[in-house]
């Protein structure tokens with residue numbers, strides 16, 4: 063019988079040792095062996111295949127985020143905010159938070175760090191002096207354009223991209239309803 067354990071925000075699937083199918087998130091098995099085990103588990107149910115695929119995506123994004131930070135001194139939330147501001151005349155912090163699905167307090171910290179790096183600037187909203195708008199600096203636009211994305215543009219054709227996006231939106235909505243978020 064399998065159990066699910068929450069550990070540092072990621073799911074770990076644990077099985078009885080006699081089943082020989084335990085897949086801890088920090089497994090030291092070679093990727094080919096883990097992929098084979100995931101394939102065995104995935105044949106059991108579509109729900110499990112979805113969970114395993116989500117776990118693989120989460121793992122890949124965690125690795126991408128660590129590499130982004132160590133190689134470019136930019137965190138994934140910082141990159142999300144830069145990308146959300148790219149091509150805009152300006153946006154409020156709450157607009158950015160809503161677009162990238164980060165809390166307003168997280169975005170406030172991200173804004174401070176991006177401002178310290180001189181990648182964005184705050185400008186007072188000419189229509190409402192209580193608000194300020196965020197805009198990218200020239201350096202911020204350059205960084206947003208040059209940083210590698212986790213999924214290269216040519217990895218999927220336009221039809222595949224639309225199909226994946228539609229499926230991910232549906233899954234995100236289902237998870238939000240199920241988990242209250």
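Numbering (our numbering), first residue to last: 63 to 243.
For every residue, glycine included, the Cβ atom is placed at its ideal position computed from N, Cα and C.
Using only the alpha-carbon positions, how far apart do residue i and residue j sit?
i, j, result
"residue 83", "residue 122", "Residue confidence for residue 83 is low, a pLDDT of 40 falling below 50, so the modelled location carries little weight and cannot support an answer."
"residue 229", "residue 111", "14 Å"
"residue 240", "residue 200", "42 Å"
"residue 194", "residue 214", "33 Å"
"residue 115", "residue 237", "14 Å"
"residue 227", "residue 179", "32 Å"
"residue 87", "residue 125", "A caution first: residue 87 carries a pLDDT of 48, below 50, which makes its placement in the model unreliable, though a value can still be read off. Going by the C-alpha atoms only, they are around 13 Å apart."
"residue 104", "residue 219", "Residue confidence for residue 104 is low, a pLDDT of 47 falling below 50, so the modelled location carries little weight; the figure read from the coordinates is stated next. Looking at the two C-alpha atoms, the distance is approximately 26 Å."
"residue 235", "residue 191", "36 Å"
"residue 170", "residue 107", "41 Å"
"residue 85", "residue 128", "Residue placement at residue 85 is flagged as unreliable, the pLDDT there being 44, under the threshold of 50; the coordinate-derived value follows with that caveat. Using only the alpha carbons, I get a separation of about 22 Å."
"residue 221", "residue 211", "19 Å"
"residue 172", "residue 109", "35 Å"
"residue 164", "residue 134", "21 Å"
"residue 55", "residue 113", "Lying before the first or after the last residue shown, residue 55 is absent from the chain, which here runs from 63 to 243."
"residue 187", "residue 117", "41 Å"
"residue 231", "residue 216", "21 Å"
"residue 132", "residue 174", "19 Å"
"residue 223", "residue 154", "29 Å"
"residue 168", "residue 189", "26 Å"
In the DSSP assignment, what residue or residues form a beta bridge with residue i?
i, result
"residue 140", "Paired residue(s): none; residue 140 is not in a bridge."
"residue 186", "194"
"residue 153", "196"
If we count the other Cβ atoms within 10 Å of its Cβ and call it buried at 16 or more, is residue i buried or exposed?
i, result
"residue 119", "exposed"
"residue 140", "buried"
"residue 143", "buried"
"residue 225", "exposed"
"residue 206", "buried"
"residue 130", "buried"
"residue 198", "buried"
"residue 159", "buried"
"residue 89", "A caution first: residue 89 carries a pLDDT of 48, below 50, which makes its placement in the model unreliable, though a value can still be read off. Residue 89 comes out exposed."
"residue 242", "exposed"
So, residue i versus residue j, is the Cβ gap smaller than 8 Å?
i, j, result
"residue 181", "residue 152", "no"
"residue 203", "residue 150", "no"
"residue 177", "residue 166", "no"
"residue 209", "residue 136", "yes"
"residue 161", "residue 138", "no"
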